[in-house]
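*Asks:* Handing you a structure now.
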Amino acid sequence: MIFGNAFVIEEVSVMVSECMRCGACCAAFRVSFHESELESEGGCVPDGLAVPETSSTYRLRGTDHARPRCVALQGVIGQAVSCGIYQERPSPCREFAPLADVGYFPEACNRARACHGLTALLVVD
Numbered sequence: 001m002i003f004g005n006a007f008v009i010e011e012v013s014v015m016v017s018e019c020m021r022c023g024a025c026c027a028a029f030r031v032s033f034h035e036s037e038l039e040s041e042g043g044c045v046p047d048g049l050a051v052p053e054t055s056s057t058y059r060l061r062g063t064d065h066a067r068p069r070c071v072a073l074q075g076v077i078g079q080a081v082s083c084g085i086y087q088e089r090p091s092p093c094r095e096f097a098p099l100a101d102v103g104y105f106p107e108a109c110n111r112a113r114a115c116h117g118l119t120a121l122l123v124v125d
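Numbering-wise (the UniProt record's numbering), the sequence shown opens with residue 1 and increments by one.
Below you can see the structure in the form of structure tokens.
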């Protein structure tokens, strides 16, 4: 039996590594965000990775293709991945699976995983 914070630390590291193995969300959905998130507008998303969508929204390059894959995604989906702009990623990426670090995933996570032939994870309603 594990006592105190040791269980939490172990659980978090397992869940973070699940996301670091997966990466399906980065290769399944369009990522649109407000222009205020661009570096040139005082935000942190590198301008070179954004494409204008409307007069006030942008999307991450690669996410609007027939087979989307964010250009910032590095690695092999389902094996080992990382985000090349993790600290600078836009709000939709930050908000996608806010409870993943404690083992709960949104249904959209499983839709993305299914697109890549990966097994479903526990979903929170």
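The beta carbon of each residue, even a glycine, is placed where N, CA and C say it ideally should be.
How long is the line joining the alpha carbons of glutamate 107 and valine 123, rounded to whole angstroms?
*Replies:* If you take the alpha carbons of glutamate 107 and valine 123, they lie about 6 Å apart.
*Asks:* Please classify alanine 24: is it buried, with 16 or more other beta-carbons within 10 angstroms of its beta-carbon, or exposed?
*Replies:* buried
*Asks:* According to DSSP, serine 36 sits in a beta bridge with which residue or residues?
*Replies:* The partner list for serine 36 (beta bridge, DSSP) is empty, contrary to what the question assumes.
*Asks:* Buried or exposed: alanine 28, going by 16 or more other Cβ atoms within 10 Å of its Cβ?
*Replies:* By the 10 Å Cβ count, alanine 28 comes out buried.
*Asks:* With DSSP as the reference, label cysteine 70 as helix, strand or coil.
*Replies:* coil
*Asks:* Can you look up arginine 113 in the DSSP assignment and give me helix, strand or coil?
*Replies:* If DSSP states are grouped into helix, strand and coil, arginine 113 belongs with the helices.
*Asks:* Could you work out which residue in Phe105, Leu99, Pro46 is closest to tyrosine 58 when comparing CA atoms only?
*Replies:* Pro46
*Asks:* If you draw a straight line from the alpha carbon of serine 32 to that of glutamate 53, how long is it in whole angstroms?
*Replies:* So the two alpha carbons sit approximately 8 Å from each other.
*Asks:* To the nearest whole angstrom, what separates the beta carbons of arginine 21 and glutamine 79, a pair I think is in contact under 8 Å?
*Replies:* Rounded, the Cβ-Cβ distance is 6 Å, consistent with contact.
*Asks:* Leaving aside the five residues before and after tyrosine 86 along the sequence, list all residues of the same chain whose C-beta is less than 7 Å from its C-beta, in chain order.
*Replies:* none
*Asks:* Using the beta-carbon count (16 or more within 10 Å), is valine 76 buried or exposed?
*Replies:* exposed
*Asks:* Just reading off the beta strand (DSSP E) that arginine 59 is part of, what are its end residues?
*Replies:* 57–60
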